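The working numbering puts the sequence shown at residues 1038 to 1159.
We put the beta carbon where it would ideally sit given N, CA and C, even for glycine.
Note that the coordinates shown come from a computational prediction; the quantities given were computed from them, not determined experimentally.
Reading through the structure tokens given below for one structure.
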Amino acid sequence: MKYTFRLKNKKVFKYVLRNGKYNIGKYIVLHITKTKNNTNNICSNNKSFFAVCVSKKNGNSVKRNKLKRWAREAYKIEENNIKIGYNIILLYKKNIKPEDIDFNAVYNDLKNCFIKLDMYEN
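Here you go:
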């Protein structure tokens, strides 16, 4: 991912989930907020941060990791088209299993959420 880094900071993670805009798709929930300039350089306006969360209810570790790989790959494909400078968290719904869906379903759902949240550059 060229402009995007992994979101690992717990405070930023909680802030995005609490205060961010979100959109609910068929398989995922997407939360976003603008990054802020902090003095400790955790965030900046020319970087985006991305995280994927999958519940244990979605299956064992192999299935959860498959869902995470699909989400990261879908984001990687769309990364050049979306705006820079956002914290993005993708949550899978708890009843989703990898055998019920495929990569294209996740990719289309992610694109629809980005469209509804007005994340594409014009």
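Item                                                                                                                                                : Value
Considering only the alpha carbon of each residue, which of K1048, Y1052, V1089 lies closest to I1065?                                              : V1089
Could you tell me if N1159 is buried or exposed, where buried requires 16 or more neighbouring beta carbons within 10 angstroms of its beta carbon? : exposed
Quick check on the DSSP output: the alpha helix (DSSP H) that includes K1001 runs from which residue to which?                                      : Outside the displayed span of the chain (1038 to 1159) sits residue 1001, for which this structure offers no information.
Out of M1038, A1108, K1073, R1106, point me to the one whose CA is closest to K1048's CA.                                                           : K1073
I want to know whether the segment 1084-1099 touches the segment 1124-1132 - three or more CB-CB distances under 8 Å.                               : yes
On the three-state DSSP scale, how would you describe Y1144?                                                                                        : helix
DSSP puts L1128 in a beta bridge; with which residues?                                                                                              : V1066, C1090
Cβ atoms of I1133 and N1097: under 7 Å apart, would you say?                                                                                        : no
Taking the C-alpha atoms as reference points, what is the distance between W1107 and V1143?                                                         : 7 Å
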